[in-house]
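Just so you know, we're using full-length UniProt numbering here: the sequence shown kicks off at 1 and counts up by one.
All C-beta atoms, glycine included, are put in the ideal place defined by N, C-alpha and C.
Take a look at the structure set out below.
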Amino acid sequence: MRRREWEMQAGGETDRPYRIYLAEPDATPPAEGFPLFLLLDGDGHFDPAVAALEARGDGAVIAAIGYPGRNRRELDYTVPAEPPIPEEGGAPAFLAFVRDKLLPRLAREARLDPADRSLFGHSYGGLFVLYALFRQPGLFRSHIAASPSIGYGQGTILPLEAGFEAAPPEIASRLRLLVTVGELEQPRPPAPITERARIARQVDRAHDLVDRLSKLGPAGPEVAFHLFPGETHQSVVDPAIRLGLDFALRR
């Protein structure tokens, strides 16, 4: 695969640069263009995703968003909360950057299928994947939320879910969501449960979200849940990337 990278600014703000990674097949693109698999936390997730795609042998473009300097994931990936949390809650501006600047640039750099875009994120990145699904349904076709931080800000993402449920069925029914989580991200009885783990309820929250969205039936997205046995919040990332590619590129 051919690889390259460059820097972009968010809205011309020189203090908010992003490093963009791109890998595209050497093969001739199909008439409709290649599927796009876009990852957050690109500085750490780009290489594993490219390796996984090369092992599969599929024709797709991998892109990822990273940071050339200070990592701003806590700002970019989190949902506005009340009261506001300093240096966090920047998901609306980051989504606007992805929609208005990054995706058009990627379409100029590679031959892409605009109807087959996927977004992957882990932890806070998984929270942003849900935010993008709920606030901009249709921007991406497939959404892979790995270990999403649903409990962030006392669950500020949850009211947006209700708005998504009212999305036109002709849009929502074309979308797909995979939620994954590691088995060891939440203690199981009789193990002691720390206060932090009790608040996070990582496995329960992820499963409950999938259960609610599944009840939308044909008017809602295709929804899937996967629990990785024996995996922690950190060790689950690479398996989630591989499964996310399976989910996104399934025909």
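Three or more pairs of CB atoms, one per stretch, sit closer than 8 Å, so the region 50-61 contacts the region 28-37.
By the Cβ rule, the region 209-224 counts as touching the region 173-188, because three or more pairs are nearer than 8 Å.
Ala-162 has its alpha-carbon roughly 11 Å from the corresponding atom of Leu-216.
Below 8 Å, enough C-beta pairs join the region 37-48 and the region 112-130 to call them touching: three or more.
Look at Ala-115 here: in three-state DSSP terms it is strand. When DSSP states are grouped into helix, strand and coil, His-207 belongs to the helix group. Only residues of its own chain outside the window of five on either side were considered, and among them Ile-150 and Val-179 have a CB closer than 7 Å to the CB of Leu-209, listed in chain order. By the Cβ criterion, the region 48-55 is not in contact with the region 98-107, since fewer than three pairs of Cβ atoms, one from each stretch, lie closer than 8 Å.
Residue burial is scored here from C-beta neighbours: Gln-202 has at least 16 other C-beta atoms within 10 angstroms and is therefore classed as buried.
Taking 8 Å as the cut-off, the beta carbon of Ser-118 is found closer than this to the beta carbon of Phe-140. For Ala-91, no beta strand (DSSP E) run applies; the uninterrupted alpha helix (DSSP H) run containing it begins and ends at 91-97, by DSSP. Thr-28 counts as exposed, since fewer than 16 other beta carbons sit within 10 angstroms of its beta carbon. Looking only at Ala-146, Arg-72 and Ala-91, the smallest Cα-Cα distance to Pro-239 is reached by Ala-146. Contact annotation, Phe-134 with Phe-164: C-beta distance approximately 4 Å; criterion of less than 8 Å satisfied. Scanning its chain for C-beta atoms nearer than 7 Å, with the 5 sequence neighbours on each side dropped, one finds around Pro-68 the residues Glu-7, Pro-17 and Arg-19, in chain order. By the neighbour-count definition (other C-beta atoms within 10 Å, threshold 16), Asp-76 is a buried residue. Between the alpha carbons of Arg-250 and Ala-63 lies a gap of roughly 18 Å. DSSP places Gly-42 in the uninterrupted alpha helix (DSSP H) bounded by 42-56. By the criterion of a C-beta distance shorter than 7 Å, Gly-89 is surrounded in its chain by Thr-78, Val-79, Pro-80 and Ala-81, once the five residues flanking it on both sides are discounted. Counting the other Cβ atoms within 10 Å of the Cβ of Ala-166 gives fewer than 16, which makes it exposed. Burial check for Glu-24: the Cβ neighbour count within 10 Å reaches 16 or more, so the residue is buried. At the C-beta level, Glu-109 and Glu-183 stay beyond 8 Å of one another. Put simply, the backbone Cα of Asp-246 is about 23 Å away from that of Ala-107. Here DSSP, grouped into helix, strand and coil, assigns Gln-154 to helix.
Listed in chain order, the non-local C-beta contacts of Gly-66 below 6 Å within the same chain comprise Arg-19, Gly-42 and Asp-43, local neighbours out to five positions each way being set aside.
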